[in-house]
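A.B. asks: Residue numbers (the working numbering): 96 to 237.
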Ligand code: TYD
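1. Can you give the Cα-Cα distance for residue 175 and residue 152, rounded to whole angstroms?
2. DSSP three-state call for residue 215: helix, strand or coil?
3. Under a Cβ-count criterion, where at least 16 other Cβ atoms within 10 Å of its own Cβ denotes burial, should residue 180 be classed as buried or exposed?
4. Identify the continuous beta strand (DSSP E) that holds residue 250 and give its terminal residues.
5. Quick check: what's the CA-CA separation for residue 122 versus residue 230?
Spelled out as structure tokens, the structure:
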């Protein structure tokens, strides 16, 4: 099928200033990513075998970065799925609204940083997969 929501989720190759003293990467809202950054949060000290995510967002845009270590991100727009392995600090995964995501396979010491387009709002979450898929189908029919 063409123009799937999941196709909007792509890897952003962020600027990388290489330097013998250590590399530097920066991210500017509306420049490298299609939203203004209102919130930053990060997952760390993740025990082996743990899974995070397991939800969708109605309107939130996010950029997910493996600041250290690696993990897998499973994306699902209610119809198609794809998995992306994150293991570079200068790659971000842009996740648009209406995507169910799960994150697993965290390496030891992994840090997952998320830049978000809005403040935390539980009302923006889908916590129930069947409700998410139901709303995706309604959107397709209407
Ligand atoms: P959740 O989004 O379910 O975590 P993840 O998707 O990373 O597995 O959030 C876990 C808990 O943290 C939940 O009780 C809500 C709270 N929380 C905040 O208070 N502020 C935030 O910015 C985020 C992301 C979560």
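In this text, a Cβ means the ideal position worked out from N, Cα and C, and glycines have one as well. Since we're looking at a predicted model, the values are computed, not measured.
C.D. replies: Quick look at the numbers:
1. 16 Å
2. coil
3. exposed
4. Outside the displayed span of the chain (96 to 237) sits residue 250, for which this structure offers no information.
5. 32 Å
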